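> Every position in the sequence shown, counted from 1, becomes a number in this note's numbering once 10 is added. Note that CB positions come from ideal geometry on N, CA and C, so glycine has one too. Just so it is clear, the structure is predicted and the values come from calculations on it, not from any experiment. Sharing a structure below in structure tokens format, with a few things to ask.
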Amino acid sequence: MSKPVMTVTWEPVAPLGPNAAFHACALVGKTLYFHGGIQDASSSSVPSKQFFKLNLDTLLWEKVAAPGSPALSHHAAVVLENRYFTLIGGWNGKKRLASIYVYDTVENKWMEMTHQGFPSGAGLSSHTATLTTNGKVLVIGREGSLRTQRKHGNMYILSGSVASNQFIYTSYTNNIISRSGHTVNLIGNNLYILGGRSDMLFEKFVGIDYKKNSSCMLLDSIGKEINSSHQQHLEKLPCGRKHHISAATNDFILMHGGETFDGKAHAPVGDLFLITLKPITKFYQLHSSQLCRSGHACIVLPNRIFIHGGRSGKNVINSGLYELKITTS
Numbered sequence: 011m012s013k014p015v016m017t018v019t020w021e022p023v024a025p026l027g028p029n030a031a032f033h034a035c036a037l038v039g040k041t042l043y044f045h046g047g048i049q050d051a052s053s054s055s056v057p058s059k060q061f062f063k064l065n066l067d068t069l070l071w072e073k074v075a076a077p078g079s080p081a082l083s084h085h086a087a088v089v090l091e092n093r094y095f096t097l098i099g100g101w102n103g104k105k106r107l108a109s110i111y112v113y114d115t116v117e118n119k120w121m122e123m124t125h126q127g128f129p130s131g132a133g134l135s136s137h138t139a140t141l142t143t144n145g146k147v148l149v150i151g152r153e154g155s156l157r158t159q160r161k162h163g164n165m166y167i168l169s170g171s172v173a174s175n176q177f178i179y180t181s182y183t184n185n186i187i188s189r190s191g192h193t194v195n196l197i198g199n200n201l202y203i204l205g206g207r208s209d210m211l212f213e214k215f216v217g218i219d220y221k222k223n224s225s226c227m228l229l230d231s232i233g234k235e236i237n238s239s240h241q242q243h244l245e246k247l248p249c250g251r252k253h254h255i256s257a258a259t260n261d262f263i264l265m266h267g268g269e270t271f272d273g274k275a276h277a278p279v280g281d282l283f284l285i286t287l288k289p290i291t292k293f294y295q296l297h298s299s300q301l302c303r304s305g306h307a308c309i310v311l312p313n314r315i316f317i318h319g320g321r322s323g324k325n326v327i328n329s330g331l332y333e334l335k336i337t338t339s
């Protein structure tokens, strides 16, 4: 008798949400917040200021009416003090920014913070922002400006508080490869960077000074099933890609979708990979339903993984929320 085969599928759970790609999202309590992005693929340089929320208990979408929402795409979001939905950087239709905007989920208002320490004339887009256990934010991207197009990889620590209305960028290292449209997973004190360029799909930094605790039982289940099934790992790394998503737990990273650099796909792909980190790093391609997306948003909970929106086909911007499910056959 053949061994059951695990299939990972993306199941729709909340359709008819905001059309968005290259947008930002984060979870505050039991509410998901979604901001900005591109609404129309034919106007890909025009960012939106749309702002929606979704309660995970009811799965009902609601437009958030709060003046001052900034028009941004290709930005990043973190939640500070379990209250402040915080946007970092992005494209405003004219230039890349290092600006910081905060939405107070209690007072229902937007605020623009002051900031210092970022190079003058430069900004961030298609970067990442990761909240660490000590409340500081690890920002990884490449600087760029319309005037100089100066671009190189950089890692910053963003510190400050909403109460002080001030945040400071401090350079941590520029000894990283230039990337854009990458993902970052901080697991303990180890940093894993995926994609964002045509080569060097996977980059690891060991023993950095900041940490984050990662836990997702669903992802652990997928990883344990792969380990027990003795599935053959990939002999070589997948081709480079950008604008994918990734989700992490202590021993595994999941990577989905994106736009590849190999020239074979002229639209977003639906590839789903599992990366095992111990005892050595290995890549596995999962049996999955092919939901092709790029520029989509990912939300990781202790026992659930969601994706929202993103681009598919040539010019389709999507609106639905999907949840990762495991089936065996």
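Who are the near neighbours of Leu-42 in its chain, counting only those whose CB is closer than 7 Å to its CB and skipping five residues on each side?
For this step, residue 42 is matched to residue 32 along the sequence shown. For Leu-42, where only same-chain residues beyond five positions count, the Cβ hits under 7 Å are Cys-35, Lys-63, Leu-64, Leu-66 and Ile-309.
> Decide if Arg-160 is buried, meaning its Cβ has at least 16 other Cβ atoms within 10 Å, or exposed.
Here residue 160 refers to the residue found at position 150 when the sequence shown is read from its first residue. Interpretation of Arg-160 is limited by its pLDDT of 48, a score under 50 that renders its predicted location unreliable; no figure is taken from the coordinates.
> As a quick exercise: from Ser-135, Ile-167, Gly-151 and Trp-120, pick the residue whose alpha carbon is nearest that of Thr-143.
Walking along the sequence shown from the start, residue 143 turns up at place 133. Among Ser-135, Ile-167, Gly-151 and Trp-120, the Cα nearest to that of Thr-143 belongs to Ile-167.
> Can you list, in chain order, the residues of its chain whose CB lies under 6 Å from that of Asp-230, leaving out five sequence neighbours each side?
As a working mapping, residue 230 is identified with position 220 in the sequence shown. So the list reads Thr-259, once near-sequence residues are dropped.
> Alpha carbon to alpha carbon, how far is Arg-157 from Thr-338?
By one-based count along the sequence shown, residue 157 stands at place 147. By one-based count along the sequence shown, residue 338 stands at place 328. With a pLDDT of only 49 at Arg-157, under the threshold of 50, the placement of this residue in the model should not be trusted, and no figure is reported.
> So does the region 200–207 actually touch the region 245–252, counting three or more Cβ pairs closer than 8 Å?
Enough Cβ pairs lie closer than 8 Å, so yes.
> Of all the options Ser-130, Val-56, Leu-70 and His-45, which has the alpha carbon lying nearest to the alpha carbon of Trp-101?
In the sequence shown, the residue the question calls residue 101 occupies position 91. The option with the nearest alpha carbon to Trp-101 is Val-56.
> Which residues does DSSP list as the beta-bridge partners of Pro-22?
Reading the sequence shown from its first residue, position 12 is the one you call residue 22. For Pro-22, which the question treats as bridged, DSSP gives the partners Tyr-332.
> Beta-carbon separation of Gly-99 and Ala-87 under 8 Å?
On the sequence shown, position 89 is the one that residue 99 refers to. On the sequence shown, position 77 is the one that residue 87 refers to. No; because the gap between Cβ atoms is not below 8 Å, this pair is not in contact.
> Looking at the structure shown, is Gln-159 part of a helix, part of a strand, or coil, going by DSSP?
Walking along the sequence shown from the start, residue 159 turns up at place 149. Since pLDDT at Gln-159 reaches only 43, below the 50 mark, its modelled position is unreliable, and the value read off the structure follows with that caveat. Looking at Gln-159 - three-state DSSP - the assignment turns out to be coil, as it is neither helix nor strand.
> Just list the residues that DSSP pairs Cys-302 with in beta bridges.
Indexing the sequence shown from 1 puts residue 302 at position 292. The partner list for Cys-302 (beta bridge, DSSP) is empty, contrary to what the question assumes.
> Please check the pair Thr-138 and Val-194, which I expect to be a contact at CB under 8 Å, by giving their CB distance rounded to whole angstroms.
By one-based count along the sequence shown, residue 138 stands at place 128. By one-based count along the sequence shown, residue 194 stands at place 184. With 8 Å as the limit, Thr-138 and Val-194 qualify as a contact, their Cβ atoms being about 4 Å apart.
> Could you give the uninterrupted runs of the beta strand (DSSP E) lying entirely in the region 252–301, keeping only those of 3 residues or more?
For the region 252–301, whole beta strand (DSSP E) runs of length 3 or above, ordered along the chain, are 255–258, 262–266, 282–286 and 292–295.
> Can you tell me whether DSSP reads Lys-234 as helix, strand or coil?
The residue given as residue 234 occupies position 224 in the sequence shown. In this structure, Lys-234 counts as helix in the three-state DSSP scheme.
> Hey, out of Ile-290, Asn-118 and Ile-327, whose CA is closest to Lys-305's CA?
By one-based count along the sequence shown, residue 305 stands at place 295. According to the sequence displayed, residue 305 carries Gly and not Lys. Here the closest residue by C-alpha is Ile-327.
> Per the DSSP calculation, Val-149 is bridged to which residue(s)?
Translated into positions along the sequence shown, residue 149 becomes position 139. Answer by DSSP bridge pairing, in chain order: Ala-139 and Tyr-166.
> Please report the straight-line C-alpha distance between Phe-32 and Ser-238, rounded to a whole angstrom.
Taking the sequence shown and counting its residues from 1, the one referred to as residue 32 is at position 22. Taking the sequence shown and counting its residues from 1, the one referred to as residue 238 is at position 228. Those two C-alpha atoms are separated by around 36 Å.
> Applying the criterion that 16 or more other CB atoms from any shown protein chain within 10 Å of the CB defines a buried residue, is His-240 buried or exposed?
Here residue 240 is taken as the residue at index 230 of the sequence shown, counted from 1. It counts as exposed.
> Please specify which runs of the beta strand (DSSP E), each continuous and at least 3 residues long, are wholly inside the region 42–70, giving them in chain order.
The qualifying runs are 61–65.
> Kindly list the residues whose CB is nearer than 7 Å to the CB of Val-23, restricted to its own chain and excluding five residues on each side of it in sequence; keep chain order.
Along the sequence shown, one-based indexing puts residue 23 at 13. If we look at Val-23 and ignore the five residues flanking it on each side, its Cβ neighbours are Leu-69, Leu-331, Tyr-332 and Glu-333.
> Apart from the five residues just before and just after Pro-25, which ones in its own chain have a Cβ nearer than 6 Å to its Cβ?
Within the sequence shown, residue 25 is the residue found at index 15, counting from 1. For Pro-25, where only same-chain residues beyond five positions count, the Cβ hits under 6 Å are Gly-330.
> Name the one or two DSSP bridge partners that Leu-200 has.
Locating residue 200 in the sequence shown gives position 190, where the first residue counts as 1. The amino acid at residue 200 is misidentified as Leu; the sequence shows Asn. BP columns for Asn-200 point to Ile-197.
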